[in-house]
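Student: Before anything else, here's the structure in question.
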Amino acid sequence: MNQEQLIQQLKAVSDANRLKLLAALKNGECCVCDFVPLLQISQPAVSQQLKKLKDASIIQERKEGAWRYYRLVDSLSPVIQAVLDELEPITIPSSCSK
Numbered sequence: 027m028n029q030e031q032l033i034q035q036l037k038a039v040s041d042a043n044r045l046k047l048l049a050a051l052k053n054g055e056c057c058v059c060d061f062v063p064l065l066q067i068s069q070p071a072v073s074q075q076l077k078k079l080k081d082a083s084i085i086q087e088r089k090e091g092a093w094r095y096y097r098l099v100d101s102l103s104p105v106i107q108a109v110l111d112e113l114e115p116i117t118i119p120s121s122c123s124k
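Numbering (our numbering), first residue to last: 27 to 124.
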């Protein structure tokens, strides 16, 4: 991993809302709409937070119809894995109606 990529990843995990998103994703894949009640912000604002994590190669996105699902990437850098290891998983109920 180059220095720029490390800087981008560290910036991505330096936000309380993004840490909550990562804690929820420790339990597996979630739909973007599942995060709205967790963060108590609008869906577009949630999407902006998810984009920062995605751009930093910490999470990945899967589209299914109109829905977007997010999960942690399979192979995280040791630094980011250490951050995740410190987070208590957050369980959130699914609010999507597929």
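From the three backbone atoms N, C-alpha and C, an ideal C-beta is built for every residue, glycine too.
1. For residue 74, count the other beta carbons within 10 Å of its own beta carbon; 16 or more makes it buried, fewer makes it exposed. Which is it?
2. Can the beta-carbon of residue 115 be found less than 7 Å from the beta-carbon of residue 52?
3. What are the start and end residues of the beta strand (DSSP E) that includes residue 17?
4. Between residue 76 and residue 58, how many whole angstroms is the CB-CB distance? I'm expecting something under 8 Å.
5. Look up residue 52 in the DSSP assignment and say whether it is helix, strand or coil.
Tutor: Taking the coordinates as given:
1. exposed
2. It is a contact, given that the beta carbons lie within the stated cut-off.
3. With the chain represented from 27 up to 124, any question about residue 17 goes unanswered, as that position is not in the structure.
4. 6 Å
5. coil
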